[in-house]
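Trainee: Residue numbers (full-length UniProt numbering): 1 to 295.
A single structure is presented below for examination.
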Amino acid sequence: MPMQLRRPGSRAGGPGMTGPTEPSRYDLPLAPDPDHDLSVDEVRVLWSFIHGDIMNSQFRARLRAHHGPCERHAWAYAVTEIELWEQGAGRRGGHQPFDVAVLYTDLLEEMSTRLRRQRRRRRDRILRRDGTCLICDDVRGRQPTRFVVTHAGFDPAKLAAEANRMRYTIAWLRETAPCWSPLVCPDCTDQPTTTGAAIRCRPHLVLHHADLTDHVLHSELDALDLWTARLRALLGSMTAGGRPSTPEEDAAWVAAVAWFNGWRFPLTVVPPIPNDRSRDTGSRSTTRPSASPDQ
Numbered sequence: 001m002p003m004q005l006r007r008p009g010s011r012a013g014g015p016g017m018t019g020p021t022e023p024s025r026y027d028l029p030l031a032p033d034p035d036h037d038l039s040v041d042e043v044r045v046l047w048s049f050i051h052g053d054i055m056n057s058q059f060r061a062r063l064r065a066h067h068g069p070c071e072r073h074a075w076a077y078a079v080t081e082i083e084l085w086e087q088g089a090g091r092r093g094g095h096q097p098f099d100v101a102v103l104y105t106d107l108l109e110e111m112s113t114r115l116r117r118q119r120r121r122r123r124d125r126i127l128r129r130d131g132t133c134l135i136c137d138d139v140r141g142r143q144p145t146r147f148v149v150t151h152a153g154f155d156p157a158k159l160a161a162e163a164n165r166m167r168y169t170i171a172w173l174r175e176t177a178p179c180w181s182p183l184v185c186p187d188c189t190d191q192p193t194t195t196g197a198a199i200r201c202r203p204h205l206v207l208h209h210a211d212l213t214d215h216v217l218h219s220e221l222d223a224l225d226l227w228t229a230r231l232r233a234l235l236g237s238m239t240a241g242g243r244p245s246t247p248e249e250d251a252a253w254v255a256a257v258a259w260f261n262g263w264r265f266p267l268t269v270v271p272p273i274p275n276d277r278s279r280d281t282g283s284r285s286t287t288r289p290s291a292s293p294d295q
């Protein structure tokens with residue numbers, strides 16, 4: 001069953017009673033339902049972002065400092081690209097996370113390099129976000145990033161309706177679930193994992209930074225290096241003449257985005273994979289996804 005999420009815009013205490021409003025849509029996790037899916041403004045901004053604004057040096061610096069967009073907009077970025085980018089090279093020929101893989105390859109390499117250079121007492125500072133999500137700043141109107149109209153004049157309402165179907169994204173997640181299921185952060189579920197492939201995601205490392213010993217760090221770095229290599233292979237498969245990707249490489253973008261932001265989105269939209277279908281040597285039991293502290 002999908003995770004039950006809070007309806008935006010309602011008030012505490014029932015009808016007619018005053019009280020603080022609950023978070024806006026932009027504060028809520030992304031999910032494929034009308035209360036939590038993408039707004040027209042979000043799709044407008046993300047579509048322009050994908051069409052070249054991400055290459056702006058100032059934006060790239062902010063993305064590195066903030067470890068990419070916030071949880072909601074990291075997954076929204078992937079959904080927007082996968083759903084709306086219809087043409088491309090490689091076996092799929094479109095509806096694939098090319099830009100997402102480029103960004104998260106860069107972020108993984110940056111994180112790995114910085115963690116290796118710093119002493120233990122400074123590791124939690126590296127793991128924490130610095131600054132704000134640039135997508136949030138634009139859609140909330142706090143710090144506009146000069147996105148004005150949707151790229152090439154597309155109707156943003158129609159794009160939003162198409163993106164919110166999430167059919168290609170959900171297909172990716174279902175297809176690759178046997179590969180990413182053993183990697184899920186144990187703190188992102190209400191069940192413990194028994195596979196050695198699972199590591200804590202970045203938000204839960206921040207929350208439990210005292211546990212980040214050298215041994216734990218080495219396990220984390222080994223996983224980040226492996227996912228970086230798989231992301232590079234996935235990128236190659238999405239170019240003309242590139243070799244076809246393996247299932248593990250197809251799952252690398254899910255692991256990368258989830259490590260930086262938590263596993264709530266994939267666990268919300270895809271049913272758990274039975275243990276006997278896992279591609280990992282261990283097994284995992286997942287029921288309800290837990291909230292990720294967006295540190």
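By construction, the Cβ of each residue, glycine as well, lies at the ideal position given by its N, Cα and C atoms.
In this text the structure is predicted, and so the values were computed from the model without any measurement.
Is the stretch 37-47 in contact with the stretch 130-141, if contact means three or more CB pairs nearer than 8 Å?
Mentor: yes
Trainee: Using the Cβ count rule (16 or more neighbours within 10 Å means buried), how would you classify A101?
Mentor: Stepping through the sequence shown from its first residue, residue 101 is reached at position 101. The residue in question, A101, is buried, as its Cβ has 16 or more Cβ neighbours within 10 Å.
Trainee: Using the beta-carbon count (16 or more within 10 Å), is D250 buried or exposed?
Mentor: Your numbering for residue 250 matches position 250 in the sequence shown. With 16 or more Cβ atoms within 10 Å of its Cβ, D250 is classed as buried.
Trainee: Mind checking R243: buried by the 16 CB within 10 Å criterion, or exposed?
Mentor: Start at 1 with the first residue of the sequence shown, and residue 243 comes out as number 243. Around the beta carbon of R243, a 10 Å sphere encloses fewer than 16 other beta carbons of the protein chains shown; the residue is thus reported as exposed.
Trainee: Just curious, the alpha helix (DSSP H) that Y26 is in, first and last residue?
Mentor: Taking the first residue of the sequence shown as position 1, residue 26 is located at position 26. Where Y26 is concerned, there is no enclosing alpha helix (DSSP H), given that its DSSP letter is neither H nor E.
Trainee: Report back the beta-carbon spacing between residue 318 and I126 to the nearest angstrom; my notes put them in contact at under 8 Å.
Mentor: Residue 318 cannot be examined here, being either before or after the span of the chain that is shown, 1 to 295.
Trainee: Three Cβ pairs or more, each shorter than 8 Å: is that satisfied between the stretch 68-82 and the stretch 217-230?
Mentor: no
Trainee: Would DSSP call E220 helix, strand or coil?
Mentor: Taking the first residue of the sequence shown as position 1, residue 220 is located at position 220. Three-state DSSP puts E220 in a helix.
Trainee: From L207, R167 and T132, pick the residue whose C-alpha is nearest to that of C185; which is it?
Mentor: For this step, residue 185 is matched to residue 185 along the sequence shown. The shortest C-alpha separation from C185 is found at L207.
Trainee: Identify which residue in A161, V269, C179 and I50 has its Cα closest to the Cα of A198.
Mentor: For the purposes of this step, residue 198 is identified with residue 198 of the sequence shown, where counting begins at 1. That would be C179, whose Cα lies nearest to the Cα of A198.
Trainee: Using beta-carbon positions only, say whether V269 and P32 come within less than 7 Å of one another.
Mentor: Here the question's residue 269 lines up with position 269 in the sequence shown. Here the question's residue 32 lines up with position 32 in the sequence shown. Contact flag set, yes.
Trainee: Do you know how far the Cα of F98 is from the Cα of D155?
Mentor: In the sequence shown, residue 155 corresponds to position 155, counting from 1. In the sequence shown, residue 98 corresponds to position 98, counting from 1. Straight-line Cα distance between these residues: approximately 23 Å.
Trainee: So what does DSSP say about C179, is it helix, strand or coil?
Mentor: Translated into positions along the sequence shown, residue 179 becomes position 179. DSSP, reduced to helix, strand and coil, places C179 within a helical segment of the structure shown.
Trainee: With respect to the alpha helix (DSSP H) encompassing S39, which residues constitute its N-terminal and C-terminal limits?
Mentor: Counted from its first residue, the sequence shown places residue 39 at position 39. From DSSP, S39 is part of no alpha helix (DSSP H); its letter is neither H nor E.
Trainee: Can you list the alpha helix (DSSP H) stretches of 4 or more residues lying completely in the stretch 203-273, in chain order?
Mentor: 214-237, 247-250, 252-261 and 264-269
Trainee: May I have the straight-line CA-CA distance separating P271 from S181, to the nearest angstrom?
Mentor: Sequence index remark: in the sequence shown, residue 271 carries index 271 (1-based). Sequence index remark: in the sequence shown, residue 181 carries index 181 (1-based). In this structure, the CA atom of P271 is about 10 Å from the CA atom of S181.
Trainee: Just the Cα atoms here: how many angstroms apart are V149 and T169?
Mentor: Here the question's residue 149 lines up with position 149 in the sequence shown. Here the question's residue 169 lines up with position 169 in the sequence shown. Residue placement at V149 is poorly supported in this model, since its pLDDT is 45, which falls under 50; the coordinates still yield a value, given next. Cα to Cα, the separation comes out at about 25 Å.
Trainee: Looking only at C-alpha atoms, which of E109, R114, R64 and L159 sits nearest to L84?
Mentor: Here residue 84 refers to the residue found at position 84 when the sequence shown is read from its first residue. Restricting attention to E109, R114, R64 and L159, the CA atom closest to the CA of L84 is found in L159.
Trainee: Which of the three DSSP states is assigned to E162 in this structure?
Mentor: Translated into positions along the sequence shown, residue 162 becomes position 162. E162: helix per DSSP, three-state reduction.
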